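Those protein sequence lines, which keep their order, are chains C and L.
All the letters of the first sequence, read from the start, carry residue numbers 1 to 339 under the numbering used here.
All the letters of the second sequence, read from the start, carry residue numbers 1001 to 1339 under the numbering used here.
Cβ atoms here follow ideal geometry from the backbone N, Cα and C, with glycine treated the same way.
Nothing here was measured: the structure is a model prediction, and the numbers come from that model.
One structure below.
There are 2 protein chains.
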Amino acid sequence: MGTHHDFHRRAVLAALLASTAGAMTLSGQPAVAQGDPLPSWNDSRSRQSILSFVAAITREGSSDFVPVPQRIATFDNDGTLWVEHPMYTQLVFALDRVKALASQHPEWKDTQPFKAAIEGDMRTLAASGERGLVALVMATHAGMSTREFEKIVLDWISSARDPRWKRPYTELVYLPMIELLGFLRANGFKTFIVSGGGIEFMRPWTEPVYGVPPDQVVGSSIKTKFEMRDGKPELLRLPEVDFIDDGAGKPVGINEHIGQRPIAAFGNSDGDLEMLQWATKGDGRRLGLIVHHTDGEREYAYDRQTHFGHLEKALEAAPANDWTVVSMKDDWKRIFKFQ
Amino acid sequence: MGTHHDFHRRAVLAALLASTAGAMTLSGQPAVAQGDPLPSWNDSRSRQSILSFVAAITREGSSDFVPVPQRIATFDNDGTLWVEHPMYTQLVFALDRVKALASQHPEWKDTQPFKAAIEGDMRTLAASGERGLVALVMATHAGMSTREFEKIVLDWISSARDPRWKRPYTELVYLPMIELLGFLRANGFKTFIVSGGGIEFMRPWTEPVYGVPPDQVVGSSIKTKFEMRDGKPELLRLPEVDFIDDGAGKPVGINEHIGQRPIAAFGNSDGDLEMLQWATKGDGRRLGLIVHHTDGEREYAYDRQTHFGHLEKALEAAPANDWTVVSMKDDWKRIFKFQ
């Protein structure tokens, strides 16, 4: 990260900050009234379950008390902290990259899934399945240095606009969850993102947007290789999957990166089931929470009938596990800062 | 981590703290006089290079200034923070585990490298090479849950004694480096361990001993698998190498876990060469430092002629890269707290 690069990075991040949730300070803490740490939450059972959990584990001398170093909370990203419909934001990024790189790859015009990506043929793209998606990711996320990829992500995230609200994707973050991140940190928690999304796709912007620094982001990854180029060290991104941080991979990723079991976990899909089990099926007070997308008007309504954020098993497991199920429609006063 | 387990863990950690560096508070910060942050360092060029680096990057408005979130420092462990001779402490642990488990494995009496390990035949063990060592590690570090392994490590580290000083291995940490960790943290640095050693062998005790929490430890790892056992989630440790955090693997591990390039790195062997390059060969002010084992009387003297902590290439590369080479004999007033 040379000086020029750092300058570019800082400028992009400053622009991100200015354009995104202005209610946040640089550290990502919500600037809320002292009295109410969760002002965008209705006074419902969901809100109460959060408040009583935090009150219990911070009460010194009580049997529920948890020392600060063990206050670990993990958050899924897509659909839990920001919008994941009509498709994952990282998939929009990959498709945009295919279009941007198409002129250098004339063969893509006749090769799937690239042809479908270039033509916006989502049906064929979906039919290409996981194998097709991996091919898209490798063609767009590998073959450059980590430094170059960071710049590509920052340039894209600061210029792309979503089709529905015509806003940067970093504005499509859920204000109640931003408040929750800040509330937990104010109570001694270390907050981590644990996402199926690409770790290097998230890290460039999670600190200004969520207050989560790069070393507290866990995600899927491809392999990298150290090499000296003209006497300068670089990490080259290889077209080879390293780790998929989804489903039963989430507890593995949590153990690898965090090395402690969380006492609170937040998700929205079946990909978060094992993380919720890992965090909550231990002794002592724990909090598991599922964001249920119930608001087709202000956001999207979906659970069992979608590929992006499929929620079925985790929803059925919630009552027996005492997990809090947040209804976005009923529990959240506001969803986005701009609404 | 059930309540019973937590209790056990806390008791062992409390004992560790009591027995180890008493100059440290719970957070691992050295309780030093306000005036001198590095009292165990002689007033040499090495000490000056540390002080002037920290002064420069914390001076607001100067061209060397580095914002707090980018103040990342990485430390090797074996030979940089604690003793690695006559052999790595984790190897002592593995040999002790082989002996403890031998009665359950009668076949080991006739199988190398186990036979050599049981008999203390270090020559045959060394001749078994990397393959032999991997076999030892897999037999002693895999096949149990992460929770069970943590307990095994804590029990061992709190009871084992080194043969020379007859003290717990956690007392064989270098006081000047403990002061340096605290000094950097007091100046806004986030301090990470980046070691070739096993990540799960270090994490149970790095917080009380070094003030480095589990999520700031990077190391070599084996694979784990999530599974439900009688309705309880467990991570099972598998006999399969996941990642070797050594040499060119260190920048890879740093990128995977930290996601930012360090501006300061501390090592003692050729296994730290690429980490030192990665941290220091960027624009702006950087600090690279090599601990040179020059004190055969108070500790050990070695560099080119040893398998444990072999130092040759990195030492030769130091002058051209402006890396500080610390002579333990000349630069350190005290090496251990107990001396």
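With 16 other Cβ atoms within 10 Å as the buried cut-off, status of residue i
i	result
C:H257	buried
C:G231	exposed
L:A1139	buried
C:M177	buried
L:G1035	exposed
L:G1061	exposed
C:V153	buried
C:H141	buried
L:K1313	exposed
L:R1203	buried
L:V1241	exposed
C:D78	buried
C:F65	exposed
L:T1206	buried
C:D76	buried
L:F1336	buried
C:K166	exposed
L:A1264	buried
L:A1033	Note that L:A1033 scores a pLDDT of 45, beneath 50, so its modelled location is shaky; the value from the coordinates is reported in the next line. Result: exposed.
L:V1326	buried
C:V218	buried
C:T25	Summary for C:T25: the model assigns pLDDT 42, below 50, so the residue's position carries little reliability; its value from the coordinates is reported in the next sentence. That one is exposed.
C:R47	buried
C:S158	buried
C:E150	buried
C:V291	buried
C:T324	buried
L:R1304	exposed
Between the CA atoms of residue j and residue i - distance to the nearest angstrom
i	j	result
L:M1328	C:W278	45 Å
C:F266	C:E84	15 Å
L:I1057	L:P1262	13 Å
L:E1297	L:P1086	14 Å
L:F1356	L:V1137	The requested residue 1356 of chain L does not occur in the structure, where chain L is confined to residues 1001 to 1339.
C:G132	C:L101	17 Å
C:G247	L:F1226	10 Å
L:M1228	C:V98	41 Å
L:G1120	L:L1091	12 Å
L:V1252	C:T224	6 Å
L:T1074	L:F1338	26 Å
C:L287	C:I193	16 Å
C:S221	L:K1109	42 Å
L:G1271	C:R161	45 Å
L:S1027	L:P1213	Because L:S1027 carries a pLDDT of 43, less than 50, the predicted location of this residue cannot be relied on, and no value is offered for it.
L:P1319	L:K1281	13 Å
C:R147	L:G1259	11 Å
C:P163	C:S103	24 Å
Cross-strand partners of residue i (DSSP beta bridge)
i	result
L:G1198	L:S1220
C:G282	Partner(s): none; C:G282 has no beta bridge.
C:H340	Residue 340 of chain C is absent from the model: chain C starts at 1 and stops at 339.
C:T89	Answer is none; C:T89 lacks a bridge partner.
C:K190	C:I72
L:D1036	None, per the DSSP bridge assignment.
L:Y1300	Its beta-bridge partners do not exist; DSSP assigns none.
C:K225	C:L236
L:W1082	L:D1078 and L:V1173
L:L1349	Residue 1349 of chain L lies beyond the stretch modelled for chain L, which goes from 1001 to 1339, so this question has no answer here.
C:W332	C:W41
7 Å CB neighbourhood of residue i in its chain, flanking five on each side removed
i	result
L:A1301	H1293, T1294 and D1295
C:W156	F93 and D96
C:G143	R237 and P239
C:A317	L273
C:D245	V194, S195, G196, V218, G219, S220 and G253
C:F308	E84, H85, M87 and Y88
Cutoff 6 Å; reference residue i; Cβ partners in own chain excluding five residues on either side
i	result
C:N187	V54 and T58
C:N42	D331 and K333
C:P37	F183
C:A116	T124 and L125
Chain-order list of residues whose beta-carbon lies under 8 Å from that of residue i (same chain, five-residue window excluded)
i	result
L:P1113	T1124, L1125, S1128, G1132, L1133, A1135 and L1136
C:K190	R71, I72, A73 and Q216
- [ ] Would you list, in sequence order, the uninterrupted beta strand (DSSP E) runs of no fewer than 3 residues that lie entirely inside the stretch 228 to 270 of chain C?
- [x] 232 to 243 and 264 to 267
- [ ] Report the residue ranges of all beta strand (DSSP E) runs contained in full by the stretch 127 to 181 of chain C; include only those spanning at least 3 residues, in chain order.
- [x] none
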